[in-house]
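Number of protein chains: 2
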Amino acid sequence: MICHMDNRAVVLLSGGLDSATTLAIANKDGFRCHALSFEYGQRHNIEIESAKKVARAIGVASHVISTIDLGAWGGSALTDDIEVPKNGEDDGIPVTYVPARNTIFLSHALGFAEAIDARDIFIGVNAVDYSGYPDCRGEFIEAFQTMANLATKAGVEGDPITIHVPLLELSKVEIIKRGLELGVDYSMTQSCYDPHQDGTPCARCDACRLRDAALAEVINCE
Amino acid sequence: MICHMDNRAVVLLSGGLDSATTLAIANKDGFRCHALSFEYGQRHNIEIESAKKVARAIGVASHVISTIDLGAWGGSALTDDIEVPKNGEDDGIPVTYVPARNTIFLSHALGFAEAIDARDIFIGVNAVDYSGYPDCRGEFIEAFQTMANLATKAGVEGDPITIHVPLLELSKVEIIKRGLELGVDYSMTQSCYDPHQDGTPCARCDACRLRDAALAEVINCE
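Encoded structure:
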């Protein structure tokens, strides 16, 4: 058993509300956080700017921005010219789903973790107020962790990787309350699937609706 | 159960001997193959040129070359300035191991498969004459497939993804014999970890040693 004295962790950071809260939690739990963000052919690059602000504000050991090409084969309203729905939640898996996105993000996080000898990866997936994406469920995360420990030196050498999902069972309101306790400045975060050219949120897509409703509820409870 | 009439498959194609043989097998088995290669900060780009030649020669429905950044955090002799060993095989996991590489490659293949509505992914991993990489073993592939079917629309909708590993239990000699039967032109392939500037193989790294010994054995047997 190798001892990881400095408690380093890789934290996936999109610049949204959930990942900002996840980073604050990992930080509070005593991990030295290495944030990982992606440029993946999103419609707008405002996400990366939000991620940089959040990483700076909460404090990270490093912040890697990795370029990957998820637009090469299309298949999502977030990377293609498919229109983002603005009329409330659909049934089933929505068009904003990016094929295998969390699998791809976690795989890169796994490579980063191995390279810096970290054994802990944080991702802000949430199975409660989620948008119907299959890769936001606990059973997916468990299967990823099992696979990760067969894929890597760390796993083979008996010093396994843990995928942490601190938001998994929290409602959006609970996530925001937890973040506010930890001092997260949500004005830095960006959740919108389809922001205007100037970076302001559309206020009508699923992500905006969930966020705005939860923020309103938190404010009304105080 | 949705019927996939055109039998489309995603085939990971590095331009090496194993992936060329895998593509030929998938093609022979009646799949319409969509090849996927990566530019991932390799030392030399000759791999991509080999992949293009092989894809053209065997015949594919499409060939996507995806740019991903595996060099951002280092950790391997294949992407860093670490010297590639030339003195025979080491014990344990060698420095040419790229952290989580097959996990990352398969994750992107999974996204591609979902986007084109394919249910079959081929990868040329091999557990016999392999170089000690943990992500070349059957148990890793099985765990990946389990995870993939929890991660994706296809899996959730009961029409699962299969990860095919036709070379898993073959020796290098058996792989080459199978490829020759299928008409693979191995002069197009590129296996070397550290080719010279002009693209010729070093003939001394692990990959060259395994390849050259197997080719010599096949020739001597004929």
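Residue numbers (this note's numbering), protein chains in the order written: chain L, 1 to 222; chain W, 223 to 444.
Positions of the beta carbon are idealized from the N, C-alpha and C atoms, including for glycine.
Bear in mind that the values here come from a model prediction, so they are computed numbers and not experimental data.
Check for me: the alpha helix (DSSP H) holding residue i runs from which residue to which?
i, result
"R323(W)", "R323 to I338"
"A438(W)", "D428 to C443"
"S171(L)", "Here S171(L) belongs to no alpha helix (DSSP H), and DSSP marks it neither H nor E."
"R278(W)", "I268 to I280"
"A248(W)", "L239 to K250"
"L372(W)", "G360 to A373"
Which residues mark the beginning and the end of the beta strand (DSSP E) in which residue i is found?
i, result
"E261(W)", "R254 to E261"
"I343(W)", "D342 to F344"
"S66(L)", "S62 to T67"
Got a sec: is the Cβ-Cβ distance from residue i to anything in chain L below 9 Å?
i, result
"M410(W)", "no"
"A370(W)", "yes"
"T384(W)", "no"
"E269(W)", "no"
"T325(W)", "yes"
"L390(W)", "no"
"V233(W)", "no"
"S241(W)", "no"
"I290(W)", "yes"
"E439(W)", "no"
"A322(W)", "yes"
"F344(W)", "no"
"F218(W)", "With chain W covering only 223 through 444, there is no way to say anything about residue 218(W)."
In angstroms, rounded to a whole number, what distance separates the CA positions of residue i and residue j?
i, j, result
"R209(L)", "V218(L)", "14 Å"
"A203(L)", "L23(L)", "25 Å"
"K250(W)", "A277(W)", "14 Å"
"C255(W)", "A283(W)", "6 Å"
"Y355(W)", "L258(W)", "21 Å"
"A273(W)", "V233(W)", "11 Å"
"Q145(L)", "Y262(W)", "24 Å"
"R232(L)", "E47(L)", "Nothing about residue 232(L) can be reported from this structure: the residues present for chain L run from 1 to 222 only."
"E181(L)", "R101(L)", "30 Å"
"G333(W)", "P99(L)", "5 Å"
"R433(W)", "I398(W)", "9 Å"
"N149(L)", "A213(L)", "39 Å"
"D135(L)", "T103(L)", "7 Å"
"L337(W)", "A376(W)", "The sequence given here places Ala at residue 337(W); Leu does not occur at that position. Approximately 10 Å, taken between the alpha carbons."
"P160(L)", "F122(L)", "14 Å"
"V395(W)", "G138(L)", "43 Å"
"F38(L)", "C443(W)", "50 Å"
"G252(W)", "R230(W)", "9 Å"
"F327(W)", "P195(L)", "31 Å"
"M410(W)", "H285(W)", "16 Å"
"P388(W)", "G199(L)", "48 Å"
"E169(L)", "I141(L)", "13 Å"
"A26(L)", "H330(W)", "27 Å"
"M147(L)", "A365(W)", "5 Å"
"A335(W)", "R341(W)", "6 Å"
"A239(W)", "Q412(W)", "Per the sequence shown, the amino acid found at residue 239(W) is Leu instead of Ala. One C-alpha to the other measures close to 7 Å."
Could you check if residue i is buried or exposed, using at least 16 other CB atoms within 10 Å of its CB as the buried criterion?
i, result
"M5(L)", "Per-residue confidence for M5(L) stands at a pLDDT of 48, beneath the threshold of 50, marking its modelled position as unreliable; the derived number appears in the next sentence. So M5(L) ends up on the exposed side."
"G281(W)", "exposed"
"E157(L)", "exposed"
"S226(L)", "Given a span of 1 to 222 for chain L in the structure shown, any question on residue 226(L) remains unanswerable."
"C192(L)", "buried"
"G237(W)", "buried"
"C3(L)", "At C3(L) the pLDDT is 42, less than 50, meaning the model places this residue with poor confidence and gives no usable figure here."
"D185(L)", "exposed"
"S289(W)", "The residue asked about is misnamed: residue 289(W) is Thr in this sequence, not Ser. When all chains shown are included, T289(W) counts as exposed."
"N126(L)", "buried"
"T374(W)", "buried"
"G124(L)", "buried"
"A438(W)", "exposed"
"D428(W)", "buried"
"T384(W)", "exposed"
For residue i, decide whether its Cβ has a neighbour in chain W, counting only Cβ atoms nearer than 9 Å.
i, result
"V156(L)", "yes"
"C3(L)", "Residue placement at C3(L) is poorly supported in this model, since its pLDDT is 42, which falls under 50; the coordinates are not used for a value here."
"S14(L)", "no"
"I116(L)", "yes"
"I153(L)", "Here residue 153(L) turns out to be Lys, not Ile, going by the sequence shown. Yes, its Cβ sits closer than 9 Å to a Cβ of chain W."
"A72(L)", "yes"
"D206(L)", "no"
"L110(L)", "yes"
"L210(L)", "no"
"D135(L)", "yes"
"S107(L)", "yes"
"A35(L)", "no"
"A113(L)", "yes"
"V184(L)", "no"
Going by DSSP, what residues sit across from residue i in a beta bridge?
i, result
"H164(L)", "F122(L)"
"V10(L)", "H34(L) and I121(L)"
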